[in-house]
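Below is one structure; the comments refer to it alone.
Numbering (full-length UniProt numbering), first residue to last: 1 to 266.
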């Protein structure tokens, strides 16, 4: 098989030298499969959704960070989580912010562990920088791929109090050069089209994002962490758009962790 035929995995061979096995095992240890059961809001239909999350330390406790969107459309009656090689445990919501598209879960049993992810201190990314994905695409649990950042990112301090809905924001994506890309730059021009919903339209346009290439986006991919080659978390995968893979930047995750736990609604 040629290098081109191997797709994203082949890029790991071209990436700067790193301890691939150690990086994978370290990343894999903080990944959680999340199962949500309940009824679709506004419909009398049972549903089961699965997504991915990753564990961080918050105020001395283990929390699991994931995407908030599924909780907006499902009135959850059961939330269970498990590590790749573990059994399901029940979990509850600790904090959720629908405008940031971030949710924080905690285990009902209050489990203590030292297997936490580490957020990168400097969130700067260069164009074409190698990034690592470890997640659960299409239920292929523990899959790992290498991709690249397609657009540079600055290290910045994200202000959660600065808000404008995506459908009210004026996209800057045709203006060059941009210091960094935000969610509104990407989706504002098409928020009037399907499949965008009220949820998408009212996301915070100022949320900083990473535009990536080489990752999968299949069912269950959302919420997966994105690592640099040092094994530090630089973002979280959100969705696929226009052939690219979009992740929320680590600066927004830091701001969410540092905020007072609460439920923020649209």
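Just so it is clear, CB atoms sit at the ideal spot from N, CA and C, and this is done for glycine as well.
Query	Result
Cutoff 8 Å; reference residue 199; Cβ partners in own chain excluding five residues on either side	69, 72, 73, 98, 266
Where the beta strand (DSSP E) through residue 203 begins and ends	First-last for residue 203: undefined, no H or E at that position.
Rounded C-alpha distance that separates residue 9 from residue 150	The predicted model places residue 9 with a pLDDT of 43, which falls under 50 and marks its position as unreliable, so this point remains unresolved.
Through-space distance from residue 37 to residue 153, alpha-carbon basis	36 Å
Boundaries (first-last residue) of the beta strand (DSSP E) holding residue 244	244-249
Cutoff 6 Å; reference residue 163; Cβ partners in own chain excluding five residues on either side	204
Length of the line joining the Cα atoms of residue 19 and residue 231	10 Å
Buried versus exposed, by CB contacts within 10 Å (16 or more), residue 108	exposed
In chain order, each alpha helix (DSSP H) run of at least 4 residues that lies wholly inside the segment 40-106	69-73
Local conformation of residue 22 per DSSP, three classes	helix
Residues of its chain near residue 235, where Cβ-Cβ distance is below 7 Å and the 5 sequence neighbours each way are ignored	210, 226, 247, 248, 249, 250
Beta-ladder partner(s) of residue 128, from DSSP	According to DSSP, residue 128 bridges with nothing at all.
Strand pairing of residue 252, partner residues [DSSP]	Paired residue(s): none; residue 252 is not in a bridge.
Where the beta strand (DSSP E) containing residue 210 begins and where it ends	209-213
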